[in-house]
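Take a look at the structure set out below.
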Amino acid sequence: MLQQVMTAPGAIEFREVPTPQPAPGQVLVKIEKIGVCGSDIHVYHGEHPFTKYPITQGHEVSGTVEQLGEGVTGFSIGQKVTIQPQVVCGKCWPCRNGKYNLCEELKVMGFQTTGVASHYFAVDAAKVTPLPETMSLDEGAMIEPLAVAVHAVRRAGDVEGKDICVLGAGPIGILVAQVAKGLGARKVMVTDVSDLRLQKAKECGAGLCVNTRDKDFGAEFVGYFGPDKADVIYDCAGNNITMGQAIQYARKGSTIILVAVFATRGDVDLAVLNDHELDLNTSMMYRNEDYLTAIDLVNQDKVQLTPLISKHFAFRDYLKAYQYIDENRESTMKVIINVQE
20 MLQQVMTAPG
30 AIEFREVPTP
40 QPAPGQVLVK
50 IEKIGVCGSD
60 IHVYHGEHPF
70 TKYPITQGHE
80 VSGTVEQLGE
90 GVTGFSIGQK
100 VTIQPQVVCG
110 KCWPCRNGKY
120 NLCEELKVMG
130 FQTTGVASHY
140 FAVDAAKVTP
150 LPETMSLDEG
160 AMIEPLAVAV
170 HAVRRAGDVE
180 GKDICVLGAG
190 PIGILVAQVA
200 KGLGARKVMV
210 TDVSDLRLQK
220 AKECGAGLCV
230 NTRDKDFGAE
240 FVGYFGPDKA
250 DVIYDCAGNN
260 ITMGQAIQYA
270 RKGSTIILVA
280 VFATRGDVDL
290 AVLNDHELDL
300 NTSMMYRNED
310 YLTAIDLVNQ
320 DKVQLTPLIS
330 KHFAFRDYLK
340 AYQYIDENRE
350 STMKVIINVQ
360 E
C-alpha cells in the first residue's frame with residue numbers, strides 16, 4: 020500500500036509499505052478522507068514544537084472497516100468510521116480520572132506517532148468511532164475538529180439560553196459558533212478581520228458577524244448583546260489582540276474560554292482579569308463523549324460541515340494541498356485529501 024511521509028519541512032515522499040494486518044483487538048480501516056488542519060501546516064513549515072521528522076501525517080479522518088482483528092465485535096465490514104487520534108498512557112492521574120485528553124504522556128497520530136495518511140491503517144478498536152451511514156465521508160473527516168469545538172463549548176457548562184461571542188472565524192471558530200447554537204445558545208456573535216471568513220460564518224448561521232478591522236469591537240459587542248454583554252467569550256484566534264478584547268469588554272464575573280493555541284507568549288492584562296473576577300478557562304482536544312455529540316449534532320442538521328470544505332486533492336497531491344493553503348490562506352477553510360485517488 021501507499022504511505023505518505025513528510026521527511027523534512029516542506030518535503031513529502033510516498034512509500035510502498037506492506038498493508039498492516041490487524042492485531043487482536045484492532046480494526047483495519049481503509050482510509051478514505053483526511054482533513055488538513057492548522058497544526059499540519061505548522062509541521063509543513065517546520066514550526067511545530069513537538070513533531071520530529073520523518074513523520075506520516077493525518078489525524079482528521081474517515082474511512083471504512085476493512086478487516087476485524089481477533090476478539091473485535093460491534094463493527095461490520097464496510098461500515099463508515101472515524102478514528103480518535105490520541106495515544107494515551109492510561110496510568111497517569113488525568114487518565115485514571117477520565118481526563119485522558121490531558122494525559123501526561125499524550126501523543127497524537129500524525130505528530131508524535133504515525134498518522135493515518137496511508138491506504139490502510141490498523142488501530143485499536145477503542146479508538147474507532149462508527150459514523151451514520153447517512154453521513155458523507157467528507158463530513159466524517161471533519162468530526163475530529165468538530166469534537167474540538169464541542170469540548171470547547173462544554174468547558175463553559177450548559178450554554179442553553181446564553182449569549183455567546185466567538186473571536187476568530189477560522190474553521191474552529193465557525194464550528195464553535197455552530198455548536199453553541201446547536202446546544203441552545205440564544206445569540207451568537209462572531210468576529211474576524213476577514214470578510215470572506217465572516218461571510219462563511221454567516222452562511223453557517225452566526226447571528227452577527229463583525230470585521231474588527233473596520234468596526235469597533237466594544238461598540239458592536241454592546242450593541243448586539245445589550246449592556247449585560249455576553250455570557251461567554253470564546254477566543255478562537257489566539258493572539259494578544261483578541262484576548263485583550265475579551266478581557267477588556269467581558270461582563271464582570273463572566274467567562275472567557277481560550278480555544279486557540281497562542282503562537283507566542285501571551286501579554287494580557289491580568290489586573291483587569293482579577294478586578295473583574297473573570298473566569299479564564301482553556302480547552303484541550305476532546306474525549307469520546309465529544310465525538311458522540313459532534314456526530315449527533317451533524318445527524319440532527321444542527322451543524323453544517325460541507326460549507327467549510329474549500330477544496331479536494333488526490334493523495335499524491337498532498338504537497339500541492341499545502342501549497343494551495345499557503346497561497347490562499349484568507350479564503351481557505353478546510354482542505355480534504357482523497358486518499359484512495
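So the sequence shown is numbered by the numbering used here: it starts at 20 and just counts up by one.
Virtual Cβ for every residue (Gly too), placed ideally from N, Cα, C.
Note that the structure is predicted; figures quoted are calculated from it, not measured.
Asked	Found
Run through the DSSP bridge pairs and tell me what E349 is partnered with.	None; E349 has no bridge partner.
I'd like to confirm the pairing. Which residues does DSSP put opposite K321 in its beta bridges?	DSSP lists no partner for K321.
Have a look at the DSSP bridge pairing and note the partners of D254.	L186 and L277
Please confirm whether R173 has its beta-carbon closer than 9 Å to some beta-carbon of chain B.	In summary, chain B is missing from the structure at hand, where a single protein chain is found.
Between the Cα of K49 and the Cα atoms of V24, Y63, Q342 and V80, which residue gives the shortest distance?	V80
Just the C-alpha distance for V198 and A168, rounded to the nearest angstrom, thanks.	7 Å
Could you tell me the alpha carbon to alpha carbon distance between G236 and I183, rounded to whole angstroms?	According to the sequence shown, residue 236 is Phe rather than Gly. The straight-line gap from Cα to Cα measures roughly 14 Å.
Going by C-alpha to C-alpha distance, which of V185, V291, Q131 and Y63 sits closest to I344?	Y63
By DSSP, does C114 sit in helix, in strand, or in coil?	helix
Under the three-state reduction of DSSP, which class applies to M303: helix, strand or coil?	coil
Please state the DSSP three-state secondary structure of I74.	strand
Do you know offhand how far L215's Cα is from Q23's?	32 Å
G272: buried (16+ other C-beta within 10 angstroms of its C-beta) or exposed?	exposed
I think V209 touches K200, with their Cβ atoms under 8 Å apart; what is that distance to the nearest whole Å?	Going by Cβ atoms, the distance from V209 to K200 rounds to 11 Å, so no, they are not a contact pair.
Would you mind reading off the limits of the alpha helix (DSSP H) that contains F244?	F236 to F244
Take every Cβ of the stretch 151-170, pair it with every Cβ of the stretch 99-110, and state whether three or more of those distances are shorter than 8 Å.	yes
Just confirm the distance between the C-beta atoms of V172 and V178, as a whole number of angstroms; I'd bet it's less than 8 Å.	6 Å
Would you check if the distance between the CB atom of Q267 and the CB atom of V291 is smaller than 9 Å?	yes
Below 8 Å, how does it come out for the stretch 303-310 and the stretch 110-121: are there three or more Cβ pairs, yes or no?	yes
Apart from the five residues on each side of it in sequence, which residues of its chain come closer than 6 Å, Cβ to Cβ, to A141?	P39, P41, Q45 and L47
Between which two residues does the beta strand (DSSP E) harbouring Y139 extend?	Y139 to D143
Quick one: Cα of C114 to Cα of G57, how far?	26 Å
For M208, name the three-state secondary structure that DSSP assigns.	strand
For the putative contact between V55 and I356, defined by C-beta atoms under 8 Å, what is the C-beta separation to the nearest angstrom?	7 Å
Are the stretch 276-289 and the stretch 221-232 touching, with three or more C-beta to C-beta distances below 8 Å?	no
With DSSP as the reference, label I96 as helix, strand or coil.	coil
Mapping DSSP to helix, strand and coil, what is Q103?	coil
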